[in-house]
């Protein structure tokens with residue numbers, strides 16, 4: 004195989020900016036790969052379509068917000084009766100309260116943060132659950148397939 008300019012790849016949107024060239028991936032049979040940029044319409048039809056694209060990773064998480072995406076994911080899992088998250092995170096039953104689910108995710112994954120709290124007697128360090136990190140873990144587990152197979156449409 005000839006050495007040339009490497010094509011940048013990544014598991015997030017915006018990595019492929021243009022088609023560089025075809026990439027030979029096999030000699031027998033001769034096979035090439037062409038990596039092209041993903042294309043999104045300039046305007047999304049509705050918010051639900053945007054949420055589905057965000058859950059798939061086609062839109063950066065920070066553009067929507069991990070907490071909002073986690074809430075939509077929970078709604079979708081419950082709608083499709085995919086309750087694998089209950090066992091994974093130690094919930095007794097299915098739940099539609101994202102704060103309750105993220106609390107269990109944070110506890111199961113050990114997602115905590117130390118926070119300084121000002122009191123009348125001075126500063127006190129308190130360990131709190133990190134709901135942001137829990138939302139990110141919830142999304143990551145979904146994308147890795149740990150919450151079961153789900154069709155978003």
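Numbering (the numbering used here), first residue to last: 4 to 156. C-beta atoms are modelled at their ideal positions from N, C-alpha and C, and glycine is treated no differently. Every value quoted in this text rests on a predicted model; they were computed, and no experiment measured them.
- Put simply, of 154, 148, 51 and 33 the residue whose alpha carbon is nearest the alpha carbon of residue 91 is 148.
- Beta bridge pairing from DSSP links residue 34 with 29.
- By the neighbour-count criterion, in which 16 or more other beta carbons inside 10 Å mark a residue as buried, residue 104 falls on the buried side.
- By the criterion of at least three beta-carbon pairs nearer than 8 Å, the segment 109 to 129 is not in contact with the segment 45 to 65.
- Three or more beta-carbon pairs separated by less than 8 Å link the segment 131 to 140 to the segment 108 to 120, which places the two stretches in contact.
- A buried status is given to residue 54, since no fewer than 16 other beta-carbon atoms sit within 10 Å of its beta-carbon.
- The continuous stretches of beta strand (DSSP E) do not include residue 55, which lies in the alpha helix (DSSP H) extending over residues 50 to 59.
- In this structure, the CA atom of residue 26 is about 11 Å from the CA atom of residue 33.
- The alpha-carbon separation between residue 73 and residue 65 amounts to approximately 12 Å.
- Closest in alpha carbon position to residue 132, among 102, 142, 156 and 144, is 102.
- Look at residue 81 here: in three-state DSSP terms it is helix.
- Residue 88 and residue 68 have their C-alpha atoms some 20 Å from each other.
- Linking residue 130 to residue 93 through their CA atoms gives a straight-line distance of about 21 Å.
- In the DSSP annotation of this structure, residue 132 is not part of any alpha helix (DSSP H); the continuous beta strand (DSSP E) holding it starts and ends at 125 to 132.
- Residues of the same chain with a CB within less than 6 Å of the CB of residue 127, apart from the 5 flanking positions on each side, are 120 in chain order.
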